[in-house]
Structures are given as structure tokens and as C-alpha cells.
Amino acid sequence: MVLISQIFEFISSNWLIVAFLAPMSWALVNIIDVYFVEEIYRDEVDGTIISGIFQILPWIIIFPLFNINISDYFSINFGYYSSNKMQFSFFMHDSLLYSLMGGLLFSLVFYFYYRALFRQNDVSLVEIFNNLSVVIIPFVAYIFFREKLSFIGYVGMGITLLGAMMLMGDSIVKKNISFSLLSTMFACALFLSLSLVFEEHAYSILNVQGLDNSGFWAGFFFFSLGVFVGSIIFAVVHSRNILPILRKYTYVFIIAEGISFLGTLFMQRALDIGPSASFVVTIETFVPAFVLLYSIIIVCAFHISKRSEKIGQILPNLYKMQLKKLVPKILSIVIMGMGVYIFNL
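With this note's numbering, you'll find the sequence shown wraps up at 1128, consecutive numbering, no jumps.
Here is the structure:
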């Protein structure tokens, strides 16, 4: 039990390991979302609302397990003077304002993400906007908080981005991407960059004040609350009732959004303990590498179970496409790994 606790503590305090757990989760989520867009969601508003609503899970599952006094970070008080005049006071820790804003911005990420998938339902779109974020975040971080990285950091990010673009191969060239679709993906990348930078700044404030883990959970809870509030706003503005869909696909959503929740948690923890949001989002470019890994595992599983003759009938086209040009893809992943090693020096 002590060994397990030590392993968990090591993982939770190593930003690079935690950061890699995020794309491992997102790779599964991206594959599932392609199916949701094709078979379940009516439009991007459905996806935004449902994904956002499940972000309230930390308040339901995690919050009761931790002894966190929210009043240390947030409070609203009503009272009366002796003259019967009402007194009102409101307090919110500066960091939580950034966390809440980061969550609201993340709900916009969901919207433009699903909007892009509804225009062209292909998981490679996710890879494109992840790569765009690598370029955008350093500029956003500098504009808002004057954050600068070392020269070697920029070199490592550039090498990782090059490997990611090689991994995507000619998938972009072969697709007829309209200006409208490109602008949607850019908006998704921009709001993702803003959200990550704001969240990183929130965690930095909490860490400077010596709040450590309790501060992280407070920031994460308010980030989740921001995403949840954003989804409710979308539901109200669009007069959308998603209860019938939730009832029909309850168990599917619990599994999919549970994985999504883990990805969000890992990403937020990496922002908390990592050196920069720029480095964290660079790790996110490994999503296609994990999609490739999952594809290989699934194909091997079919061969081991002696059902390889049914692979063509059972495996989705996504997996079969991922296994094409395997050697160049592995080379691209090696280059990405070199980039990560360099910016982690």
C-alpha cells in the first residue's frame, strides 16, 4: 500500500508524466466523439452542452473527499446594519477569477471543436487545432502575462511541432478545407490557448501563496464550474433540451465523459506543476501517436483472438487508416520525442 502511495505521489508530482496522460485520454475521447457526431448529436450545440454538463463531476465526486474550505477562496455575505440597511459583501480569490474564466473559455473550445467536426467529421481536425495551439500559446502568454521561454524551449517545441506535422502526413493536403472550416479550427485553437494560459496563471498565483494541492483543487473546481456554467448558457441561449439524449445514451455518456474528465484533470494538473502552458500543449500534439498506438493494440488483439478475418468488417475505418504508412509515422513520433527531451532539459 505504501509502494502504491509512493508511485501515485511520484506520478502526480511529475508534470511530464501527467501531461502525457492527458493525450492518452483525449485520443480515446476524439475517436468516440467522431461516432457521437455521426450518430447521436444533432449539432455542435448538443455536443457543447453535454460535454460541459459532465464537467460538474469534480464537485459531485471529488469535492466531498477533500477537506477544502471554499470560504477561504470564495464567499458571499448578507447582513443588516442597526438601521436595517442591508449589507452585502462579495469575495473571490484572484486566482479563481482566472480559473472561472478559463472554464468559460473552455466551453467555447467545445463549441468550435464540435462545429469543426460537424463540418468535416474527421479526427485529424483535432490534430490540426492541437498543432495550431502550440504556435498560438507563446504569443498569448506573452501578451497577457509577459511570459518568455528559453531559446532551447522554443527549439524543443519547434521540433515537436515538426514531428506532429509529419505524423499527420498528407492528410491535410488531401482534404478540401474551406476558409470557413479553417477559421472555425483557428477559433478553437485560440480559445484553447486562452483557457490554458489563464488556468496556468491561476495555479501560479495559488502556488506562490503556498497553497499547493489544496489550491490546485480549488482552481480545478472553479475551472470545472466555469465549463458547466458555459454549457448552461448555451442551453438557455439556444433553448435546447438535451434530457432525451441523456436518458437514451446515459451509460455511453458516462463512459465517454468519464474519460474526458480524466483528460481534463490530467491537463489541469500538468498546468499546475508544469513549467509553462506552452510545454503542456506541446505534449497534446501526441494525440495522434496514441490513436496510432490504440489502433495497433486493437489489430493485435484481433489477431491473437484468431478473428483476423473479421477485421475488415469490424474495425472502424479510422483504425485501418491509422495503420497505413506505419514506418514514417513511427519516425515522426521519434522526432516528437526528441523535441520533448530537448525542451525538458
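C-beta atoms are modelled at their ideal positions from N, C-alpha and C, and glycine is treated no differently.
- Under the DSSP assignment, Lys-1031 falls in the alpha helix (DSSP H) whose first and last residues are 1026-1031.
- Counting only the Cα atoms, Ser-1059 lies some 27 Å from Ile-1113.
- The residues Phe-1017, His-1021, Arg-1023, in chain order, have a CB closer than 7 Å to that of Val-828 in the same chain once the five nearest residues on each side in sequence are set aside.
- In the assembly as shown, Thr-1033 is an exposed residue. Its beta-carbon has fewer than 16 other beta-carbons within 10 Å.
- In the assembly as shown, Cys-971 is a buried residue. Its beta-carbon has 16 or more other beta-carbons within 10 Å.
- Contact between the stretch 881-899 and the stretch 823-839 is present: three or more C-beta pairs spanning the two stretches fall below 8 Å.
- No Cβ-Cβ contact shorter than 8 Å links Phe-1049 with Ser-878.
- Less than 8 Å divides the Cβ of Phe-969 from the Cβ of Leu-915.
- When the Cα atoms are used, Pro-921 and Lys-931 turn out to be separated by approximately 8 Å.
- Annotated as distal: Val-1064 and Asn-813, with beta-carbon spacing of 8 Å or more.
- CA-CA distance, Thr-1047 to Leu-1054, rounds to 11 Å.
- In this structure, the alpha-carbon of Ser-1007 lies about 22 Å from that of Val-991.
- A check of alpha carbon separations from Ile-815 across Gly-1122, Gly-830, Phe-803, Val-938 identifies Gly-830 as the nearest.
- In this structure, DSSP gives His-876 a state outside helix and strand, which the three-state scheme calls coil.
- Annotation: Ile-1081 to Val-1074 spans about 11 Å, alpha carbon to alpha carbon.
- A residue is called buried when at least 16 other Cβ atoms come within 10 angstroms of its Cβ; Ile-1066 meets this threshold and is buried.
- Taking every protein chain shown into account, the CB of Ile-843 has fewer than 16 other CB atoms within 10 angstroms, so this residue is exposed.
- For the alpha helix (DSSP H) assignment, the uninterrupted runs of no fewer than 4 residues enclosed by the stretch 1016-1079 are, from N- to C-terminal side, 1026-1031, 1033-1056, 1060-1066.
- If you draw a 10 Å sphere on the C-beta of Arg-1052, you find 16 or more other C-beta atoms in it, and that means buried.
- For Ser-834, the number of other beta carbons within 10 angstroms of its own is at least 16, and it is reported as buried.
- Sequence-distant partners of Tyr-925 (beyond 5 residues in either direction) whose C-beta falls short of 8 Å from its own C-beta, in its chain, are Lys-931.
- Of the residues Phe-803, Ala-947, Asn-797, Gln-838, the one whose Cα lies closest to the Cα of Ala-1039 is Gln-838.
- Taken through DSSP and simplified to helix, strand or coil, Tyr-818 comes out as helix.
- Bounds of the alpha helix (DSSP H) holding Asn-990 are 962-991.
- By the Cβ-count criterion, Phe-1036 is buried, with 16 or more other Cβ atoms from all chains shown falling within 10 Å of its own Cβ.
- In its chain, beyond the 5 residues on either side, Phe-837, Gln-838, Leu-840, Pro-841 have a beta carbon closer than 8 Å to the beta carbon of Phe-1044.
- Annotation for Glu-827: the continuous alpha helix (DSSP H) segment containing it runs 827-836.
- When the Cα atoms are used, Tyr-986 and Ser-1014 turn out to be separated by approximately 23 Å.
- Distance from the Cα of Thr-967 is smallest, within the candidate group Leu-944, Val-938, Val-1010, Tyr-894, for Tyr-894.
- With contacts defined by Cβ atoms closer than 8 Å, Val-1010 and Phe-889 form a contacting pair.
- At a Cβ-Cβ threshold of 8 Å, Ile-988 and Met-1121 do not count as neighbours.
- Residues of the same chain with their beta carbon placed closer than 6 Å to that of Ile-1028 are lacking, with the five preceding and five following residues left out of the count.
- Leaving aside the five residues that flank Trp-798 on each side, the residues in its chain whose CB is nearer than 6 Å to its CB run, in chain order, Ala-1053, Ile-1056, Gly-1057.
- A Cβ-Cβ contact shorter than 8 Å links Gly-885 with Ser-978.
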